[in-house]
Amino acid sequence: MKSFSKNTPKYSIAARLRQAGFSLVEVTVATGIAAFGIITLLGLLPSGMNMFRDAMNVTVSSQIAQRLIKEAVQTDYDLLVGVAPGGTPVAGVPVVKEIRYFTDEGVELPAADAAEAIFHAHMRVMPGTDLPTLSGVLENSSLATVTVQVALNPQNQDLPIIGGSTDPLAGTIDPATRIPFTTFTSHIAKIK
5 MKSFSKNTPK
15 YSIAARLRQA
25 GFSLVEVTVA
35 TGIAAFGIIT
45 LLGLLPSGMN
55 MFRDAMNVTV
65 SSQIAQRLIK
75 EAVQTDYDLL
85 VGVAPGGTPV
95 AGVPVVKEIR
105 YFTDEGVELP
115 AADAAEAIFH
125 AHMRVMPGTD
135 LPTLSGVLEN
145 SSLATVTVQV
155 ALNPQNQDLP
165 IIGGSTDPLA
175 GTIDPATRIP
185 FTTFTSHIAK
195 IK
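Residue numbers 5 to 196, in the working numbering, belong to the letters of the sequence shown in order.
Have a look at this one:
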C-alpha cells in the first residue's frame, strides 16, 4: 500500500479547490445584496419614466413657443397688433390670436384635426408696451409684448381665457385651470 503525503500534487489540488469556493452564507448574503440592488433600480424606473416624459413635454412646448415667436417676429408689426398699416394700436388692449394645435412631436395640425392635438398654443399680443424710465413709465406704441402659452391638453378641453381689459392677464389662459401650461414672453419692436 502506498501512502500519500500532503506534498503530493494530487492532495494539494484538492485542498486548493476546497479553499477556493464560497460558503453557503457568503452566497446567500451576496444574493440578498444583488436582489436589493435590482429591486431598488426597478423601483426607480417609474419615476425615471415620469421625469423623461416631463422633460419631453417641456422640450416640445419650448420648440412650439420658439416657432410661434419667430413667426411673430417675421410678421408685419401692424398686422401683428391688428391695426391698419400706419395706424396706431390701442395701448393696453390685447390682441388674441387663434389657438393653434400641435402633435406630441410639435408638428402643427390644421384646426379641423384639433381632436388629435396634444398641445394647444395660445398667443396674445399686447401693443404699446410700457417701458420703465427714471421719471416713471413711458408708453411705447412701437413695442409689443408677445405672450405664447402652450398647454398640454390631450383631452381637448376648452382653454379658459381671462377676460376684461383692465386685468393685466387679460387674454391669457386662466392660471386656476387644471390644464398644465407653460408661458413664454417676447418683445417685438416696429421697424420704422
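Note that the Cβ used here is the ideal one computed from N, Cα and C, for glycine as well.
Since the model is a prediction, treat every value here as computed from it, not as a measurement.
Per DSSP, Asn54 is not a residue of any beta strand (DSSP E); the alpha helix (DSSP H) it occupies stretches across 28-78. In this structure Val154 touches Ser65 by the C-beta definition: roughly 4 Å separates them, less than 8 Å.
Leu72 and Ala148 have their C-alpha atoms some 15 Å from each other.
In this structure, Val99 places its C-beta atom within 8 Å of the C-beta atom of Pro131. Looking at the backbone, the Cα of Thr107 and that of Gly175 are separated by about 24 Å. Counting along the chain, the unbroken beta strand (DSSP E) around Val154 starts and ends at 147-156.
Of the residues assessed, Pro184 falls on the exposed side of the cut-off, its CB having fewer than 16 other CB atoms within 10 angstroms.
Contact between Lys194 and Tyr81 holds, with the beta-carbon distance rounding to 4 Å and staying under 8 Å.
Here Phe123 is near Leu156, since their CB atoms are less than 8 Å apart. In the three-state scheme derived from DSSP, where H, G and I count as helix and E and B as strand, Ala180 is classed as coil. In this structure, the straight-line span from the alpha carbon of Glu102 to that of Val152 is close to 11 Å. Residue range 123-130 is occupied by the beta strand (DSSP E) that includes Val129.
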